[in-house]
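Report on the structure given below.
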Amino acid sequence: MIFSAPAPPQTGLAAALDALHRRDFTEAGTRFAELACQGQSEAMRYLGLLHLRGLGVEYDPFEAFRWTEEAVRTGSPSAARLTLASLYYLGLGTARNITLAQTLLLDAARTGDPAALRTLGLVYLGLGPAWHKQAHACLASAAADRDVFAVHAIAVMRLIEGHTAAALPILSWAGTRGLIPSLLRLKALQNRIGAKMVRDLAVRAPHQPERPRRLPIRRFTWKVFIPDPVVALEPRISLAIGTNLLHPVECDYLMALAAPHLKPEVTTHPDGKAAWSGKVTAMQFTRRLEDLVLFGLEERIAAFSGTVWDGHIPLAIERHSPGPGIARDERTERPGDGPMEPAGPDVKSHHVIARVSLNDGFTGGEVTFPALARTVPATTGLGIVFSSTDSYGNDDPLAAWYEKPVLGGEKWTALFHLHDGQA
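Residue numbers (the working numbering): 2 to 424.
Written as structure tokens, this is what we have:
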């Protein structure tokens, strides 16, 4: 009889990563710190991230910046450049430097790194319609490397262009990998064109996004919106300038960030596979401090509160000031349309509410948020909660409702509707 020898204990970077995956942050922090002091650039990158989040080590943005900068200097992959770009963009652990942040982001994207290309594509989207060609090229290149959210973004852009048949199998591919925005859009399309047609089209082999022969990566004016305290307190400000709008893909990105922290309810994918299981109540979103796109979205939401319209999907952004309590949002009106009458049997609508909370404490579990745009002080609370209902106000299968009213704090609400299932 032959006995196999037990596997040797993991050492070095593999052991540190294993501890991180087991969520043993104390062990991970210790191991990454030892390896970082030995000059391992990847360990430096992870140690910087742990310091950014205060996991297993002290929350210290200055240490985060020091180790991330050293990781880039010693040759860590482009992921470290993305993190360093975010630190310069927000001014965490160092002086704010928008020019250097952009240089680092562009350099990372030019290496062909899918995460960097996806990030740059989303940043280009946020600059308005004039930059959509560049955004599409970057997202397509990331999608060619099967970056799940980039694949979803390409599908949404095809839906906006009217190419539903081409978009459905791409959404299906992303939905089978548990991407909540893809599942929501598939559900909306079922309401629009029928479940059978969605199933028939979704099972087709998705067309592989073509990698652009040349990436139009170029510099841009990175607008950093600093909210005027007086203007920001206005309950509604109508916006009609395209560069100030949140693109539908950006709304989906907020949901994609929130999804891993939800306890979801069973949702059946059009091909019959169970893609999501569990019970949705509420969730706590640990802010991804190294995410450049989230920074940009937060600053734009902070700078412009009101109702906006992008010509296709209405998006309402509301600010709720601190008070004795904010009850569950039970709006039933379309943004700008006044009260919405109960929909008839032939009318379908679906909406998703994404909440960006700066100071909220109704679940007991709190997250520390750094100062936002230099005008909002550091706070503790929840990050993002999203929920959805049908046109009658009933809970959707993916609904995430509050178990009790918000106890107080400042809350921003970004809300968009998919009327008649349109995406």
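Glycine included, each C-beta is placed from N, C-alpha and C at the ideal position.
Inset, instruction - Would you kindly work out how many angstroms separate the C-alpha atoms of His133 and Leu126, rounded to a whole number? - result: 6 Å
Legend entry - Where Thr69 sits in the DSSP three-state scheme: helix
Legend entry - Inter-residue Cα distance where the pair is Leu106 and Leu91: 14 Å
Inset, instruction - Check whether the region 66-77 touches the region 40-50, taking contact to mean three or more Cβ pairs, one atom from each stretch, closer than 8 Å. - result: yes
Legend entry - Closest Cα partner of Ala167 within the set Leu128, Arg178, Leu187: Leu187
Legend entry - Of the listed residues Pro62, Pro78, Ser77, nearest to Leu93 (C-alpha basis): Pro62
Inset, instruction - Compare the Cα-Cα distances from Ile161 to each of His248, Leu128, Leu18 and report the closest residue. - result: His248
Inset, instruction - Please state whether DSSP places Leu169 in a helix, a strand or coil. - result: helix
Inset, instruction - May I ask which residues mark the beginning and end of the alpha helix (DSSP H) holding Leu93? - result: Neither: Leu93 is in no alpha helix (DSSP H) and is coded neither H nor E.
Inset, instruction - Taking 8 Å as the cut-off, decide whether the C-beta atoms of Val199 and Leu169 are in contact. - result: yes
Legend entry - Closest by C-alpha distance to Ala138, when choosing among Pro217, Glu28, Glu35: Pro217
Inset, instruction - Determine the direct distance from the alpha carbon of Arg54 to that of Ala1, and round the result to whole angstroms. - result: Examination of residue 1 is not possible in this model, given that the chain is present from 2 through 424 alone.
Inset, instruction - Report the rounded CA-to-CA distance for Leu190 versus Val157, giving the unit in angstroms. - result: 12 Å
Legend entry - Simplified DSSP assignment, three categories, for Pro213: coil
Inset, instruction - Would you kindly check if the distance between the Cβ of His153 and the Cβ of Asp253 is under 8 Å? - result: yes
Inset, instruction - Please confirm whether Ser42 and Gly13 have their CB atoms less than 8 Å apart. - result: no
Inset, instruction - Could you say which of Glu35, Leu56, Ala37 lies nearest to His22 if we only look at CA atoms? - result: Leu56
Legend entry - Distance CB(Gln103)-CB(Arg220) smaller than 8 Å: yes
Legend entry - Alpha-carbon to alpha-carbon, Leu185 and Ala17: 36 Å
Inset, instruction - Using three-state DSSP, classify Trp132 as helix, strand or coil. - result: helix
Inset, instruction - Would you please state the rounded distance, in angstroms, between the beta carbons of Glu251 and Leu123? I believe it to be under 8 Å. - result: 7 Å
Inset, instruction - Give me the Cα-Cα distance between Thr177 and Leu36, rounded to the nearest whole angstrom. - result: 37 Å
Legend entry - Burial state of Ala15 (16 or more Cβ within 10 Å): exposed
Legend entry - Nearest residue (CA-CA) to Pro78, options Leu293, Ile171, Ala151, Met45: Met45
Inset, instruction - Go to Tyr47, then tell me how far its alpha helix (DSSP H) extends in each direction, as first and last residue. - result: 42-54
Inset, instruction - Taking only the alpha-carbon atoms, compute the straight-line gap between Thr308 and Gly163 and give it to the nearest angstrom. - result: Any answer about Thr308 is weak, because its pLDDT of 35 lies below 50 and its placement is not dependable; what the coordinates show is given next. The alpha-carbon atoms of Thr308 and Gly163 are separated by roughly 25 Å.
Legend entry - Exposed unless 16 or more other CB atoms sit within 10 angstroms - verdict on Pro115: buried
Inset, instruction - Could you pull out every residue in the same chain whose Cβ sits closer than 7 Å to the Cβ of Ala20, ignoring the five residues on either side in sequence? - result: Glu28, Ala29, Arg32
Inset, instruction - Go through its chain and collect everything with a Cβ distance to Ala110's Cβ below 6 Å, but skip five positions before and after it. - result: Ala117, Leu118, Leu121, Ile218
Inset, instruction - May I have the straight-line CA-CA distance separating Val73 from Ala175, to the nearest angstrom? - result: 32 Å
Inset, instruction - State buried or exposed for Ala131, treating a residue as buried only when at least 16 other CB atoms are found within 10 Å of its CB. - result: exposed
Inset, instruction - Return helix, strand or coil for Leu184, following the three-state DSSP convention. - result: helix
Legend entry - Between the CA atoms of Gln39 and Arg159 - distance to the nearest angstrom: 48 Å
Legend entry - Cα-Cα separation between Val58 and Ala34, rounded to whole angstroms: 9 Å
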